[in-house]
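Q: In terms of my numbering, the sequence shown has 166 at position 174, counting the first letter as 1, and numbering is strictly consecutive.
Yeah, the Cβ is synthetic: ideal placement off N, Cα and C, and Gly gets one too.
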Amino acid sequence: MQRLKLAVVSGGLSRPSSTRLLADRLTEATGERLAQAGRPVDVHAIELRDLATDIANHMVTGFPSAPLREALDAVAGADGVIAVTPVFTASYSGLFKSFFDVLDNNALTGTPVLIAATGGTARHSLALEHALRPLFAYLRAVVVPTAVFAASEDWGSGDAQTEGLPVRVARAGEELAGLMAGRPAAAAAPEEEGVVPFEEQLAALRPR
């Protein structure tokens, strides 16, 4: 069976990053569910911090660097995407938005996407619904029902009996895995056919 492809976009700016930590936990939960369903998956992790200069240059010149091109192709060719951003001024970060600004508008059409965010307090959790979900709806992605927000106090909290962070991560991973497992794996891009010269096309149209 062809392996599925999961692209994980992390917009964290610091190292270590709680945003990357949340992305890793969501990736683990999704991978475990896919493994239980017998669907192997390859993960492509994308740290936007490392691509900040490349994204800015691409927005000015229109030409992506090789690392940025690789990241954009990984997202466009994925069977599922996990997108995690820190919350700044009640919304996604500028770097996170800029990455999806330079992504082709049709790249995520029909692709399952799990959205998540990190912030200092739970008051910022509404950014998932008023900022991230509309962004990916505009890109015509299929956003999973459970969006995951992790505030500072969420780390290390919750158990199997409460609605803590581990429960929300597990549920979101299960939803993304279910959507990914239900669609065929992304096929390799078809080889470009040779271009027929215009003269030959005209000759084929002439009556014989």
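#1: Between L230 and D46, how many whole angstroms is the CB-CB distance? I'm expecting something under 8 Å.
#2: Relative to the C-alpha of H122, which candidate in V79, S90, N98, L87 has its C-alpha closest?
#3: Taking all protein chains shown into account, do 16 or more other C-beta atoms lie within 10 angstroms of the C-beta of A82, making it buried, or fewer, making it exposed?
#4: Can you check DSSP and say which residues form a bridge with F55?
#5: Tell me the DSSP secondary structure of T205 in three-state form.
#6: Where L131 and L124 are concerned, what is the direct C-alpha to C-alpha distance, given to the nearest angstrom?
#7: Bridge partners for P126 per DSSP, in chain order?
#8: Answer with buried or exposed for D42, where buried requires no fewer than 16 other C-beta atoms within 10 angstroms of its C-beta.
#9: Return the residue from the list E145, K89, S9, L171 that minimises the CA-CA distance to R115.
#10: Kindly confirm or deny that the stretch -5 to 7 and the stretch 24 to 43 touch, where touching means at least three C-beta pairs closer than 8 Å.
#11: State the start and end residues of the unbroken beta strand (DSSP E) segment that holds V136.
#12: If you follow the alpha helix (DSSP H) that D93 is part of, which residue opens it and which one closes it?
#13: Along the chain, where does the beta strand (DSSP E) that runs through G72 open and close?
#14: With burial defined as no fewer than 16 other Cβ atoms inside 10 Å of the residue's Cβ, what is the status of E167: buried or exposed?
#15: Per DSSP, which residues does H36 bridge with? Please list them.
#16: Buried or exposed: R(-5), going by 16 or more other Cβ atoms within 10 Å of its Cβ?
#17: Give the single residue among L(-2), A48, T101 whose Cα lies nearest to the Cα of K89.
#18: In whole angstroms, what is the alpha-carbon distance linking K(-3) and G102?
#19: Please say whether T19 and V35 have beta carbons closer to each other than 8 Å?
#20: Between F92 and V159, what straight-line distance do the alpha-carbon atoms span, to the nearest angstrom?
#21: Pick helix, strand or coil for A119, following the three-state DSSP scheme.
#22: Between A44 and the rest of its own chain, which residues show a CB-CB distance below 7 Å, the 5 nearest in sequence each way excluded?
A: By the coordinates alone:
#1: With the chain represented from -7 up to 200, any question about residue 230 goes unanswered, as that position is not in the structure.
#2: V79
#3: exposed
#4: For F55, which the question treats as bridged, DSSP gives no partner whatsoever.
#5: Residue 205 falls outside the range modelled here, since the chain spans only -7 to 200, and no answer is possible.
#6: 11 Å
#7: None, per the DSSP bridge assignment.
#8: exposed
#9: E145
#10: yes
#11: Segment: none, V136 is in no beta strand (DSSP E) and carries neither H nor E.
#12: 86 to 94
#13: 72 to 80
#14: buried
#15: A(-1)
#16: exposed
#17: A48
#18: 14 Å
#19: yes
#20: 28 Å
#21: helix
#22: L87
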